[in-house]
Structure formats: structure tokens, C-alpha cells
Amino acid sequence: IHIAGTKGKGTTAHMAAELLRSAGLKVGLYTSPHIHRFEERMTVDGGFPSVSDLEAVVDELRPALLDCDADGAHSPTTFFEVCTAMAWLHFRRQRVDAVVLEVGLGGRLDATNVCRPEVCVITSISRDHTQLLGNDLASIAREKAGIIKRGIPVISGVAAHEARDVVRNVAAENGCELLEVDRDIRITRDEQIAMSRQNPLLRTRVTIECRGGRHEGVLMPVPGSHHARNAALAIAAVELFLNRQSKMTRRSFDASAISSVSLPLRAEVLGHAPLIVVDGAHNEASLQSVLDILAPFPRDHRRLVFGISRDKDARAMLRIVDGQFAQIILTAYQTNPRALPLNELSQLANEELTDGQWSTAENPASALQQAEQCAEADDVICVTGSIFLGAEVRELLLSRRASLSEPALH
27 IHIAGTKGKG TTAHMAAELL RSAGLKVGLY TSPHIHRFEE RMTVDGGFPS
77 VSDLEAVVDE LRPALLDCDA DGAHSPTTFF EVCTAMAWLH FRRQRVDAVV
127 LEVGLGGRLD ATNVCRPEVC VITSISRDHT QLLGNDLASI AREKAGIIKR
177 GIPVISGVAA HEARDVVRNV AAENGCELLE VDRDIRITRD EQIAMSRQNP
227 LLRTRVTIEC RGGRHEGVLM PVPGSHHARN AALAIAAVEL FLNRQSKMTR
277 RSFDASAISS VSLPLRAEVL GHAPLIVVDG AHNEASLQSV LDILAPFPRD
327 HRRLVFGISR DKDARAMLRI VDGQFAQIIL TAYQTNPRAL PLNELSQLAN
377 EELTDGQWST AENPASALQQ AEQCAEADDV ICVTGSIFLG AEVRELLLSR
427 RASLSEPALH
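Per my numbering, the sequence shown starts with residue 27, numbered consecutively.
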């Protein structure tokens with residue numbers, strides 16, 4: 027199952043992999059970027075490759091890499107190309123029954139696009155990586171639709187008319203069956219449920235109707251009603267995948283498996299009183315989804331820690347958060363050179379934030395500390411703007427949790 031899209035593709039990939047596992051299959055999952063460990067990119071049934079596994083695939087890959095680098099007719103091999111090849115070899119060595127591949131960037135020219143899929147999925151299309159994919163939705167859609175292969179069924183969650191028409195046209199040109207959410211795949215929201223007594227954020231229970239049947243009471247694993255579209259895409263993709271495999275047509279999957287999917291940095295709660303929510307949102311559409319998730323909290327009880335990558339539209343994202351929080355703390359993540367420097371982010375904030383309740387912190391740790399010092403027990407602190415910022419704060423909070431759970435020394 028090959029999955030492209032501006033947002034939701036990682037979530038859809040994790041859900042599809044879990045559904046395939048519920049059918050009794052051994053499943054490889056390839057996603058990017060990793061949050062803490064390189065091995066996260068290529069899991070088998072949720073397990074990381076060992077050091078010896080990685081050494082084996084690198085040894086197998088090395089001669090081909092040396093040949094590529096020695097061939098002056100080609101550009102040097104990229105990090106992502108090497109990762110993709112490593113995952114391919116690892117999955118083959120592990121003799122998996124199925125693989126779910128998440129596109130790294132775009133689709134048409136992505137390293138994963140050399141695959142021969144059974145099902146192609148396009149989750150959504152919005153503006154991101156515009157310097158590479160184009161400034162308008164139609165141009166971006168053409169790049170994403172580049173994963174479509176002749177005669178291979180396509181499942182689409184694309185909603186914007188301009189982009190949806192491109193996907194429809196490319197699918198028709200390639201003689202592909204096309205299933206669309208809201209047309210061929212139906213979602214009915216049953217109810218919204220608070221995550222817990224301590225956590226008022228709402229997760230959604232839905233009924234999803236696909237060609238293969240009706241799946242009732244599917245509970246999303248994390249807050250955010252938009253995840254229902256990802257779940258519907260995953261269910262439809264797995265249905266098609268199993269139906270296209272003669273040896274698997276009698277296998278059935280359990281749609282309720284979606285509720286147990288682990289989704290780090292998707293509205294992930296890593297602290298209570300105040301509630302600390304960490305999300306990897308990095309474009310306007312995903313940031314708006316984060317604001318929707320925070321709806322149970324009034325503005326006066328919301329605090330934001332925000333940092334962003336230099337290749338993202340910081341100005342547009344600052345406009346989205348303007349006026350939505352009692353406190354905004356701007357920072358720059360430290361572990362990746364892609365961070366937008368704090369002085370540049372501050373200059374943009376001077377121009378875009380009409381509310382004066384914002385400040386800066388040199389690093390994510392001090393930004394979080396500032397927010398916690400001002401927060402009341404019934405507030406929410408949201409950390410977002412970049413997956414790299416989210417990863418740094420997540421590691422910090424998990425380390426804090428681990429130290430608190432250690433037994434006291436006597």
C-alpha cells in the first residue's frame with residue numbers, strides 16, 4: 027500500500043499497518059522522518075530492526091552505493107534514497123507479507139515511487155513544500171498523483187475541488203478504479219468522547235462504510251475529528267489490498283484495531299495539570315486542526331510553545347495562532363539545522379501577532395519552563411510548529427516522566 031498526501035499520510039500508514047496485522051499478516055511499515063531513533067523508519071510488526079539487521083542490509087547495499095557514487099552521470103545518492111533501499115532489503119529479509127510505504131515528499135519523484143503497489147492512497151492536498159511542489163493546489167496534486175500506476179486502484183481523501191479534479195483525471199488517464207471519501211466511502215460521526223477524566227480533549231467514534239462492508243463504532247486513537255478520514259482511507263485500502271491477493275481473500279481484519287494505534291506527536295498528551303499536548307503540525311492546515319482539537323479549552327486557558335523550520339510559511343502560521351492563546355512563547359529547536367532562527371521568527375511575530383502576549387525562549391526546554399511557570403492546573407500547554415520541535419520536547423517530557431517513576435534511593 028503506497029500512501030502520499032500533504033497531511034495524514036503517516037497516520038493513515040500506521041492505521042493501515044495495524045489493520046493488516048489484525049488480519050494475521052506480518053507487516054513492514056516505512057515512514058519518515060523518525061522522531062527519536064533512525065530505526066523507527068522501518069518497523070516489522072511494530073518492532074525496530076536490530077543493529078545486526080541494519081549492518082546486514084548496509085553490507086548488502088554498499089556495492090550498489092559505491093557504483094552509484096562512482097557513476098558521474100548521476101547525482102550522489104541521497105540520505106532518503108539510502109533509507110528507502112535499506113527498508114526494502116530489511117522487509118525482504120524479514121519475509122513480510124505486506125508493506126505500507128509512506129511517501130517522503132511529493133510523490134512523482136519520491137524514492138518510494140519505484141514500488142509496484144497493490145493500492146495507491148492520496149490522503150489530502152494542501153500547501154506545503156511549495157518551493158519544490160508548486161504554489162497552487164493543482165501543481166501540488168500533480169506531484170502527489172505521480173504515485174498512481176496504470177490499472178492500480180486509487181483511494182482518495184482529497185477534498186479541495188482543484189486538487190480533486192487532478193487526481194480524478196490522472197486516475198482516469200491510467201485506467202484506475204478510483205474510490206473517494208464522501209462519495210464511495212462514507213463516514214458517520216457517532217459521538218465524541220473525552221480522552222479521560224484528566225484530559226478533556228475529544229476523540230471521535232465513527233461508522234465507516236466501504237465497499238467491503240460497514241464498520242461501526244470505530245474509535246480514533248487520538249483527539250481530532252479529521253482522523254476519521256485517515257481511518258476511512260486505511261480501512262478502504264486494506265479491504266482492497268486483501269481482495270487483490272488470492273491467498274488472502276478469506277482473511278478478515280478488525281477495524282477496532284485502529285483505536286490501539288500509537289501515534290506520537292499527533293495531539294499527544296505528555297503531561298497533566300496543566301495538560302501538555304505535543305503535536306508535529308508544520309503547515310497551515312495541520313495547525314488549524316490543532317486549534318480545532320484545543321476547542322474544549324477557552325482562549326484564556328491556552329498557552330503555546332511555537333517553533334518552525336526555515337522552509338515553512340512561518341508568517342501564515344503565526345497568523346493562524348494570533349489571538350488564539352493567552353500566552354505564546356517562540357523558540358527554535360536545537361537538534362536540526364533546519365530551524366528558523368529565533369531572531370527571524372521574532373521579526374515575523376512583530377509583524378504578524380496583533381496580541382502583545384508573546385515572548386521568546388532560547389531553546390524548547392526554557393520555553394516549556396516559561397509556559398509551566400505561568401500555567402494553572404486547568405490550562406493546556408500546546409507545543410507545535412515542527413516535528414523537530416515536538417521531538418525535542420517529547421524526549422524532554424519522557425525523560426522527566428522516567429525520572430519521576432524511578433524508585434527513591436535510601
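Cβ coordinates follow ideal geometry from the N, Cα and C atoms, glycine included.
Residue i in three-state terms, based on DSSP
i           : result
residue 202 : coil
residue 284 : helix
residue 260 : helix
residue 332 : strand
residue 434 : Residue confidence is low: residue 434 scores 49 on pLDDT, short of 50, so the model does not pin down where it sits. Its coordinate-derived value is still stated next. Residue 434 falls in the coil class under three-state DSSP.
residue 40  : helix
residue 410 : strand
residue 222 : coil
residue 61  : coil
residue 118 : helix
residue 346 : helix
residue 419 : helix
residue 402 : coil
residue 235 : strand
residue 71  : coil
residue 385 : strand
residue 268 : helix
residue 327 : helix
residue 80  : helix
residue 48  : helix
Cβ-based neighbour list, residue i, same chain, cut-off 8 Å, excluding 5 preceding and 5 following
i           : result
residue 255 : 34, 149, 150, 183, 207 and 213
residue 247 : 229, 253, 284, 285, 286, 287, 288 and 289
residue 188 : 162, 163, 164 and 167
residue 65  : 74, 75 and 80
Burial state of residue i, where buried means 16 or more other Cβ atoms lie within 10 Å
i           : result
residue 139 : buried
residue 257 : buried
residue 118 : exposed
residue 116 : buried
residue 81  : exposed
residue 420 : buried
residue 309 : buried
residue 366 : buried
residue 435 : Residue placement at residue 435 cannot be trusted, given a pLDDT of 47 that sits under 50; the coordinates are not used to answer.
residue 27  : buried
residue 219 : exposed
residue 201 : exposed
residue 333 : buried
residue 77  : exposed
residue 209 : exposed
residue 152 : buried
residue 324 : exposed
Beta-carbon proximity of residue i to residue j, cut-off 8 Å
i           : j           : result
residue 281 : residue 241 : yes
residue 130 : residue 106 : yes
residue 412 : residue 315 : no
residue 418 : residue 361 : yes
residue 29  : residue 126 : yes
residue 225 : residue 301 : yes
residue 128 : residue 270 : no
residue 274 : residue 268 : yes
residue 321 : residue 371 : no
residue 358 : residue 374 : no
residue 409 : residue 430 : no
residue 89  : residue 95  : no
residue 194 : residue 204 : yes
residue 293 : residue 227 : yes
residue 122 : residue 170 : no
Same chain, Cβ closer than 7 Å to residue i, neighbours up to 5 away in sequence not counted
i           : result
residue 48  : 279, 280 and 283
residue 345 : 378
residue 42  : 27, 126, 260, 263 and 264
residue 391 : 422
Chain-order list of residues whose beta-carbon lies under 6 Å from that of residue i (same chain, five-residue window excluded)
i           : result
residue 251 : 230
residue 307 : 313, 316 and 410
residue 147 : 29, 181, 259 and 263
residue 177 : 201
residue 69  : 55
residue 342 : 310
Near the ligand ATP: residue i beta-carbon under 7 Å from a heavy atom
i           : result
residue 294 : Of ligands this structure carries none, so the ligand ATP is not represented either.
So does the segment 373-381 actually touch the segment 348-359, counting three or more Cβ pairs closer than 8 Å?
yes
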